[in-house]
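Just below is one structure, and these are the notes that go with it.
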Amino acid sequence: MYKMLLQKFILIHDNRGGKMFPYLIQETKKTSKPSSPIPVSNSFKEPAQKTGTSQATVRSQPIPSPRIVQNSTSPPPSPPKSPTNKRGSRNRRDSIFDYKSEAAKKVEQIAKNRDERRQRQADEKAQKDMLMHLEQNNPYWEFAQMIHEFRAHLDFRPLRETDPVVENQITVCVRKRPLNEKEERRKEVDVMTVSTKNQLIVHEPKHKVDLTKYLENQHFRFDYVFDENCNNDIVYKFTAKPLVKTIFEGGMATCFAYGQTGSGKTHTMGGEFKGKLQNFRNGIYGLVAMDVFKLLNHPKYAQKNLMVSASFFEIYGKLVFDLLNKKQRLRVLEDGKQQVQVVGLTEKIVTKVEDVIDLIQKGSFERTSGQTSANSNSSRSHAVFQIILRKSGSRHVDGKFSLIDLAGNERGADTNKSNRQTRIEGADINKSLLALKECIRALGRKGAHLPFRGSKLTQVLRDSFIGEKSRTCMIALISPGNFSVDHSLNTLRYADRVKELIATDDPENDSTHDLDVEEDNSEEIDDEMIKDEEQRMQISSMEWEILESNRHVIESCVYFHRVACDLYKASQKNGFDKHYYATTWKNLLSEMIEIQKEAFLKADEFCNVLDGRT
Numbered sequence: 001m002y003k004m005l006l007q008k009f010i011l012i013h014d015n016r017g018g019k020m021f022p023y024l025i026q027e028t029k030k031t032s033k034p035s036s037p038i039p040v041s042n043s044f045k046e047p048a049q050k051t052g053t054s055q056a057t058v059r060s061q062p063i064p065s066p067r068i069v070q071n072s073t074s075p076p077p078s079p080p081k082s083p084t085n086k087r088g089s090r091n092r093r094d095s096i097f098d099y100k101s102e103a104a105k106k107v108e109q110i111a112k113n114r115d116e117r118r119q120r121q122a123d124e125k126a127q128k129d130m131l132m133h134l135e136q137n138n139p140y141w142e143f144a145q146m147i148h149e150f151r152a153h154l155d156f157r158p159l160r161e162t163d164p165v166v167e168n169q170i171t172v173c174v175r176k177r178p179l180n181e182k183e184e185r186r187k188e189v190d191v192m193t194v195s196t197k198n199q200l201i202v203h204e205p206k207h208k209v210d211l212t213k214y215l216e217n218q219h220f221r222f223d224y225v226f227d228e229n230c231n232n233d234i235v236y237k238f239t240a241k242p243l244v245k246t247i248f249e250g251g252m253a254t255c256f257a258y259g260q261t262g263s264g265k266t267h268t269m270g271g272e273f274k275g276k277l278q279n280f281r282n283g284i285y286g287l288v289a290m291d292v293f294k295l296l297n298h299p300k301y302a303q304k305n306l307m308v309s310a311s312f313f314e315i316y317g318k319l320v321f322d323l324l325n326k327k328q329r330l331r332v333l334e335d336g337k338q339q340v341q342v343v344g345l346t347e348k349i350v351t352k353v354e355d356v357i358d359l360i361q362k363g364s365f366e367r368t369s370g371q372t373s374a375n376s377n378s379s380r381s382h383a384v385f386q387i388i389l390r391k392s393g394s395r396h397v398d399g400k401f402s403l404i405d406l407a408g409n410e411r412g413a414d415t416n417k418s419n420r421q422t423r424i425e426g427a428d429i430n431k432s433l434l435a436l437k438e439c440i441r442a443l444g445r446k447g448a449h450l451p452f453r454g455s456k457l458t459q460v461l462r463d464s465f466i467g468e469k470s471r472t473c474m475i476a477l478i479s480p481g482n483f484s485v486d487h488s489l490n491t492l493r494y495a496d497r498v499k500e501l502i503a504t505d506d507p508e509n510d511s512t513h514d515l516d517v518e519e520d521n522s523e524e525i526d527d528e529m530i531k532d533e534e535q536r537m538q539i540s541s542m543e544w545e546i547l548e549s550n551r552h553v554i555e556s557c558v559y560f561h562r563v564a565c566d567l568y569k570a571s572q573k574n575g576f577d578k579h580y581y582a583t584t585w586k587n588l589l590s591e592m593i594e595i596q597k598e599a600f601l602k603a604d605e606f607c608n609v610l611d612g613r614t
């Protein structure tokens with residue numbers, strides 16, 4: 001038997017040094033004829049171990065540089081490299097030397113995930129404990145935490161001053177104010193999130209049947225949404241500023257603030273407050289006046305020879321008062337050409353911005369206000385400030401800008417002062433707001449019936465809703481606290497309904513049912529209001545007479561007191577005329593009794609009418 005010695009190398013891992021060394025493997029194969037063994041180097045000779053049909057000898061010592069076999073015509077093969085798969089990892093046969101098993105990897109990954117989960121739970125518990133410690137007296141801390149977690153996953157992109165202004169016939173915006181001192185003392189939670197420049201999220205706190213607390217997140221979309229960091233200048237740029245140019249081109253512009261009492265309507269329209277003082281220059285009233293006079297001197301409009309005048313009046317229920325003329329009562333009439341005229345309204349010619357500011361300041365002090373649960377000095381009337389453009393020497397109106405600060409929209413739901421006066425005010429306010437919404441809807445539908453007779457407010461603003469050049473901007477203002485979430489949602493739904501209509505490209509494609517419902521609603525509102533008009537006008541007229549008689553009694557009492565004091569002093573002097581004294585005193589008492597009797601009869605009649613209505 002002749003044996004042929006073959007040389008092979010393998011790589012053996014040295015655990016001590018962490019290096020790879022080549023080892024020589026000797027294999028022998030049997031041949032058919034006996035022959036002498038092929039001589040090899042002495043350094044490679046080892047006793048062979050039989051394994052099947054082949055024998056292999058492995059040196060126990062590493063060979064850094066193995067010698068070449070004698071009579072070998074080819075160099076020894078290089079040590080083989082460990083094959084790799086597509087991902088670059090080694091085969092399972094070689095991974096036992098330098099890689100962990102798949103099972104070990106899974107065990108380590110499970111342990112790692114478990115540690116991370118435990119750490120995350122510990123962090124959440126620590127944050128929760130810290131929040132409980134900081135807000136231990138706040139019953140709404142759980143809602144605050146849920147809102148904080150919700151906001152952590154949002155990508156905030158608020159409105160910036162450099163964003164472009166989009167001009168629409170009807171623009172609907174929402175402004176959120178920060179929490180005020182009263183809300184912070186009550187530890188209210190901010191439930192309004194302005195995520196982008198036109199999107200708003202309301203986190204409405206809810207309770208399940210098992211008293212588990214959760215949030216109902218409601219999303220709204222408008223033309224612009226202003227967060228608590230936006231000042232009046234930014235709000236003006238995107239709302240009323242684009243409308244100023246309209247009145248110089250023969251159009252009618254309307255901008256009104258709508259929202260709950262205390263949501264910031266007067267702050268937005270009139271100007272920012274510093275203590276009890278209001279800066280009328282940075283409100284929308286003053287900012288519009290500045291731009292009007294800028295355009296008035298512009299070469300494009302200077303040749304028109306326009307004159308600027310202003311008026312300021314309020315609508316309280318069915319009554320209209322002139323705020324620039326000691327709150328004199330005004331009458332709203334419609335002439336034969338269906339043009340609505342406010343009879344007796346004072347119009348002041350203004351030549352500079354300071355004149356407008358003076359009129360705004362004077363009228364704001366005269367405005368009717370009262371106390372509600374939301375605001376100690378709540379406006380109970382709709383204030384309308386108008387800037388009118390006319391050509392010199394002409395009564396024809398070339399353009400008109402109506403700026404309206406609406407009364408609070410929750411007056412009917414103010415349960416803290418649920419007396420008769422509050423209910424009457426709330427009914428009048430909500431009725432006028434409903435009529436205003438119907439008119440805006442009709443404006444958005446172009447050609448639809450305009451129910452402007454629904455209230456005094458829409459009747460006065462009738463010309464602002466007619467014509468292709470009429471443009472309207474609505475600023476809905478909301479309070480961020482969780483106590484006001486119901487009122488804020490009502491405000492947003494009101495504004496959303498307006499935006500929903502004008503967002504439709506083709507209003508004629510609406511379903512027939514929706515059109516019928518909208519027309520029926522308009523007719524129903526119009527008929528009910530006209531049917532109730534005479535009775536309400538009677539009460540409004542009687543209310544005015546009662547107020548006048550009350551004022552007359554006060555003035556007469558002051559006069560009677562002065563005359564009675566003078567008469568008494570004269571009687572203390574020596575030689576006074578007793579006949580004159582008695583006659584004068586008798587006539588004074590008779591006149592006093594007559595005035596008070598007349599006032600009493602009017603008050604009694606007014607009470608009977610009110611009792612009959614309820």
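Under UniProt numbering, the first residue of the sequence shown carries the number 1, and numbering increases by one thereafter. Where a beta carbon is used, it is the ideal one built from N, C-alpha and C, also for glycine. Computed from a predicted model, the values in this text were never measured in an experiment.
Same chain, Cβ closer than 7 Å to L461, five either side skipped, listed in chain order: By one-based count along the sequence shown, residue 461 stands at place 461. Correct list, in chain order: T254 and S402.
Element boundaries [alpha helix (DSSP H), containing residue 615]: Since the displayed the chain opens at 1 and closes at 614, residue 615 lies outside it and no answer follows.
Three-pair Cβ contact test at 8 Å for the segment 425-438 versus the segment 450-457: yes
Helix, strand or coil at R185 according to DSSP, with G and I counted as helix: Within the sequence shown, the letter at position 185 stands for residue 185. The answer is helix: DSSP assigns R185 an H, G or I state.
Best match in K469, G408, E543 and E216 for proximity to N430 [C-alpha to C-alpha]: Residue 430 sits at position 430 when you count from the first residue of the sequence shown. Checking every option, the nearest Cα to that of N430 belongs to G408.
G399 - partner residues in DSSP beta bridges: Against the sequence shown, residue 399 aligns to sequence position 399. Beta-bridge pairing links G399 to L389.
Spatial neighbours of S571 in its chain, beta-carbon cut-off 6 Å, leaving aside the 5 residues before and after: Stepping through the sequence shown from its first residue, residue 571 is reached at position 571. Hits under 6 Å: Y581.
Local conformation of G259 per DSSP, three classes: In the sequence shown, counting from the first residue as 1, residue 259 sits at position 259. Of the three classes helix, strand and coil, the one that applies to G259 here is strand, per DSSP.
I262 vs S479 beta-carbon contact at 9 Å: Locating residue 262 in the sequence shown gives position 262, counting from the first residue. Locating residue 479 in the sequence shown gives position 479, counting from the first residue. The residue you asked about is not Ile; residue 262 is Gly in the sequence shown. Result yes, Cβ atoms of G262 and S479 sit closer than 9 Å.
Selected residue, minimal CA-CA separation from K351, among L295, A383 and G363: Along the sequence shown, one-based indexing puts residue 351 at 351. A quick correction: the sequence has Thr, not Lys, at residue 351. Checked all of L295, A383 and G363; the closest Cα to T351 is L295.
The segment 157-164 contacting the segment 458-474, beta-carbon criterion three pairs below 8 Å: no
For Y140, three-class secondary structure by DSSP: For the purposes of this step, residue 140 is taken as residue 140 along the sequence shown, with counting starting at 1. Residue state, collapsed to three classes: coil.
CB of F150 within 9 Å of CB of L211, strictly: Residue 150 sits at position 150 when you count from the first residue of the sequence shown. Residue 211 sits at position 211 when you count from the first residue of the sequence shown. Result no, Cβ atoms of F150 and L211 do not sit closer than 9 Å.
For D291 and K241, believed in contact at Cβ under 8 Å, the rounded distance: Numbered from its first residue, the sequence shown carries residue 241 at position 241. Numbered from its first residue, the sequence shown carries residue 291 at position 291. Contact holds; Cβ gap of about 6 Å.
Residue range of the unbroken beta strand (DSSP E) whose run includes H267: The sequence position of residue 267 within the sequence shown is 267, counting from 1. Segment K265 to G270 is the alpha helix (DSSP H) holding H267; no beta strand (DSSP E) there.
DSSP-derived helix/strand/coil call for L211: The sequence position of residue 211 within the sequence shown is 211, counting from 1. It is coil, neither helix nor strand.
Selection from Q260, W585 and G283 that minimises the alpha carbon distance to H267: Taking the first residue of the sequence shown as position 1, residue 267 is located at position 267. The option with the nearest alpha carbon to H267 is G283.
V209 vs F143 beta-carbon contact at 9 Å: For the purposes of this step, residue 209 is taken as the residue at position 209 of the sequence shown. For the purposes of this step, residue 143 is taken as the residue at position 143 of the sequence shown. No.
Burial state of T73, where buried means 16 or more other Cβ atoms lie within 10 Å: Start at 1 with the first residue of the sequence shown, and residue 73 comes out as number 73. Note that T73 scores a pLDDT of 47, beneath 50, so its modelled location is shaky and nothing firm can be said.
Coil, strand or helix - C230 by DSSP: Taking the first residue of the sequence shown as position 1, residue 230 is located at position 230. Three-state result, C230: coil.
Enclosing alpha helix (DSSP H) for V353 [first to last residue]: Sequence index remark: in the sequence shown, residue 353 carries index 353 (1-based). Start and end: V353 to E366.
First and last residue of the uninterrupted alpha helix (DSSP H) at V166: Along the sequence shown, read from residue 1 onward, the residue named residue 166 stands at position 166. Careful: V166 lies outside any alpha helix (DSSP H) and carries neither H nor E.
I466 (DSSP reduced to helix, strand or coil): For the purposes of this step, residue 466 is taken as residue 466 along the sequence shown, with counting starting at 1. Coil, per DSSP.
Identified DSSP bridge partners for A310: Numbered from its first residue, the sequence shown carries residue 310 at position 310. K348 and I387, per the DSSP bridge assignment.
Burial state of S394, where buried means 16 or more other Cβ atoms lie within 10 Å: Taking the sequence shown and counting its residues from 1, one reaches residue 394 at position 394. Counting Cβ neighbours within 10 Å, S394 comes out exposed, since fewer than 16 surround it.
Sheet register partners of G286 (DSSP bridge): Translated into positions along the sequence shown, residue 286 becomes position 286. Bridge partners of G286: none, in fact.
Coarse secondary structure for I96, derived from DSSP in three states: Walking along the sequence shown from the start, residue 96 turns up at place 96. Residue placement at I96 cannot be trusted, given a pLDDT of 47 that sits under 50; what the coordinates show is reported in the next sentence. Looking at I96 - three-state DSSP - the assignment turns out to be helix.
Integer Cβ distance of I170 from L443, believed to fall under 8 Å: Numbered from 1 along the sequence shown, position 170 holds the residue referred to as residue 170. Numbered from 1 along the sequence shown, position 443 holds the residue referred to as residue 443. At roughly 7 Å, the Cβ-Cβ gap stays under 8 Å, so I170 and L443 are in contact.
Short CB-CB distance (under 9 Å) between A103 and chain E: Of the protein chains in the structure, only one exists, and it is not chain E.
Nearest residue (CA-CA) to A257, options I595, W585, A599 and T472: Here residue 257 refers to the residue found at position 257 when the sequence shown is read from its first residue. It is T472.
Where E204 sits in the DSSP three-state scheme: In the sequence shown, residue 204 corresponds to position 204, counting from 1. Note: E204 maps to strand in three-state DSSP.
Residues near D398 in its chain [Cβ-Cβ closer than 7 Å; skip 5 each side]: By 1-based counting over the sequence shown, the position of residue 398 is 398. Correct list, in chain order: G250, L306, L389, R390 and K391.
Endpoints, beta strand (DSSP E) assigned at A476: Mapped onto the sequence shown, residue 476 falls at position 476. It spans R471 to I478 - the beta strand (DSSP E) in which A476 sits, taken as one unbroken run.
Own chain, CB closer than 6 Å to P139, minus 5 neighbours either side, in chain order: Taking the first residue of the sequence shown as position 1, residue 139 is located at position 139. Cβ within range, chain order: n/a, list empty.
Other residues of its chain near K469: CB distance less than 8 Å, five sequence neighbours each side excluded: What you label residue 469 is simply residue 469 of the sequence shown in a count that begins at 1. Around K469: T246, E249, G250, G251 and M252.
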